[in-house]
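S.K.: In the numbering used here, the protein residues as written are 59 to 251.
Heads up, the beta-carbon is just placed ideally off N, CA and C, and yes, glycines get one too.
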């Protein structure tokens with residue numbers, strides 16, 4: 059888990075250099091996270107999502123053997139929770155989902171935890187590199203509102219969270235799908251008018 063936190067902080071610093079205006083900074087359990095004024099969510103919702111992420115992480119970290127037998131990441135966008143990572147048993151995956159459901163204000167859970175041993179550090183580094191490649195390509199395409207979504211890369215699978223129009227979603231998925239190294243694109247987004 060700590061390797062993911064360190065890589066997330068490193069990636070976050072790098073991406074923040076690309077992302078433009080930052081209106082506030084929220085401090086969470088894993089370090090600092092930017093709250094952007096170009097996001098379609100209100101500032102209050104962005105802060106609620108950061109708070110919910112911290113509460114879910116605190117709750118699931120109390121699960122016995124989680125640190126030894128799993129590597130779970132929690133992502134929240136507009137009260138929708140995306141769980142990614144790996145766990146060695148279906149029982150553990152179910153327990154993470156159950157505990158997540160107990161956190162107030164969770165509107166929906168997208169459980170994308172894979173059954174298996176946690177991925178090695180080399181794969182995690184590859185995910186950081188892949189995320190950088192995707193964001194670089196996205197920054198050159200005006201059809202893709204990069205600052206209005208979250209991209210999560212886990213074992214070369216890309217999860218797209220956000221509030222996007224149908225045209226934005228289609229363009230984003232098509233662009234991401236064609237980046238070398240991406241094995242799968244999973245939509246975890248809300249379509250808006």
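Can you name, in chain order, every residue of its own chain whose Cβ lies under 8 Å from the Cβ of residue 231, other than the five neighbours on each side?
M.R.: Counting from one through the chain shown, the residue named residue 231 turns up at place 173. The answer, listed in chain order, is 218, 243, 245.
S.K.: Return helix, strand or coil for residue 172, following the three-state DSSP convention.
M.R.: The residue labelled residue 172 in the question sits at position 114 within the chain shown. In this structure, residue 172 counts as strand in the three-state DSSP scheme.
S.K.: Taking the straight line between their C-alpha atoms, what separation do you get for residue 234 and residue 162?
M.R.: For this step, residue 234 is matched to residue 176 along the chain shown. For this step, residue 162 is matched to residue 104 along the chain shown. Going by the C-alpha atoms only, they are around 33 Å apart.
S.K.: Please classify residue 104: is it buried, with 16 or more other beta-carbons within 10 angstroms of its beta-carbon, or exposed?
M.R.: Counting from one through the chain shown, the residue named residue 104 turns up at place 46. So residue 104 counts as buried.
S.K.: Where do the N-terminal and C-terminal ends of the beta strand (DSSP E) with residue 104 fall, by residue?
M.R.: Position 46 of the chain shown, counted from the first residue, corresponds to residue 104. Per DSSP, residue 104 belongs to no beta strand (DSSP E); it is in the alpha helix (DSSP H), 101-118.
S.K.: Relative to the C-alpha of residue 240, which residue among 221, 202, 184 is closest?
M.R.: As a working note, residue 240 is residue 182 in the chain shown. Closest by alpha carbon: 184.
S.K.: Are the CB atoms of residue 141 and residue 115 nearer to each other than 7 Å?
M.R.: Your numbering for residue 141 matches position 83 in the chain shown. Your numbering for residue 115 matches position 57 in the chain shown. Going by C-beta atoms, residue 141 is not nearer than 7 Å to residue 115.
S.K.: So residue 222 is in the beta strand (DSSP E); what residue range does that whole segment cover?
M.R.: For the purposes of this step, residue 222 is taken as the residue at position 164 of the chain shown. Start and end: 215-223.
S.K.: Looking at residue 138: is its Cβ nearer than 7 Å to the Cβ of residue 166?
M.R.: Translated into the one-based positions of the chain shown, residue 138 becomes position 80. Translated into the one-based positions of the chain shown, residue 166 becomes position 108. Yes; because the gap between Cβ atoms is below 7 Å, this pair is in contact.
S.K.: Between which two residues does the alpha helix (DSSP H) carrying residue 181 extend?
M.R.: Mapped onto the chain shown, residue 181 falls at position 123. First-last of the alpha helix (DSSP H) with residue 181: 179-196.
S.K.: What distance in whole Å lies between the Cβ atoms of residue 144 and residue 180, which are believed to be in contact at a cut-off of 8 Å?
M.R.: By one-based count along the chain shown, residue 180 stands at place 122. By one-based count along the chain shown, residue 144 stands at place 86. At roughly 14 Å, the Cβ-Cβ gap does not stay under 8 Å, so residue 180 and residue 144 are not in contact.
S.K.: Between residue 147 and residue 248, what straight-line distance do the alpha-carbon atoms span, to the nearest angstrom?
M.R.: By 1-based counting over the chain shown, the position of residue 147 is 89. By 1-based counting over the chain shown, the position of residue 248 is 190. Taking the straight line from one Cα to the other gives about 30 Å.
S.K.: First and last residue of the beta strand (DSSP E) that includes residue 242?
M.R.: Your numbering for residue 242 matches position 184 in the chain shown. Residue 242 -> beta strand (DSSP E) spans 242-250.
S.K.: Would you kindly work out how many angstroms separate the C-alpha atoms of residue 87 and residue 215, rounded to a whole number?
M.R.: As a working note, residue 87 is residue 29 in the chain shown. As a working note, residue 215 is residue 157 in the chain shown. The predicted model places residue 87 with a pLDDT of 38, which falls under 50 and marks its position as unreliable, so this point remains unresolved.
S.K.: Establish whether the CB of residue 124 and some CB of chain B are separated by less than 7 Å.
M.R.: Note that chain B does not occur in the displayed structure, where there is just one protein chain.
S.K.: Over the uninterrupted alpha helix (DSSP H) stretch that includes residue 129, give me the two end residues.
M.R.: Position 71 of the chain shown, counted from the start, is the residue given in the question as residue 129. Careful: residue 129 lies outside any alpha helix (DSSP H), inside the beta strand (DSSP E) at 128-135.
S.K.: Return the residue from the list 211, 178, 110, 136 that minimises the CA-CA distance to residue 188.
M.R.: Along the chain shown, read from residue 1 onward, the residue named residue 188 stands at position 130. For the residues 211, 178, 110, 136, the minimum Cα distance to residue 188 belongs to 211.
S.K.: In or out: residue 154 buried (at least 16 other Cβ within 10 Å) or exposed?
M.R.: Translated into positions along the chain shown, residue 154 becomes position 96. So residue 154 ends up on the buried side.
S.K.: Which of helix, strand or coil does DSSP assign to residue 202?
M.R.: The residue labelled residue 202 in the question sits at position 144 within the chain shown. Coil, per DSSP.
S.K.: Can you tell me whether DSSP reads residue 151 as helix, strand or coil?
M.R.: Within the chain shown, numbered from 1, the residue matching residue 151 stands at position 93. Residue 151: helix per DSSP, three-state reduction.
S.K.: Return the first residue and the last residue of the beta strand (DSSP E) that residue 210 is part of.
M.R.: For the purposes of this step, residue 210 is taken as the residue at position 152 of the chain shown. Where residue 210 is concerned, the enclosing beta strand (DSSP E) stretches over 207-212.
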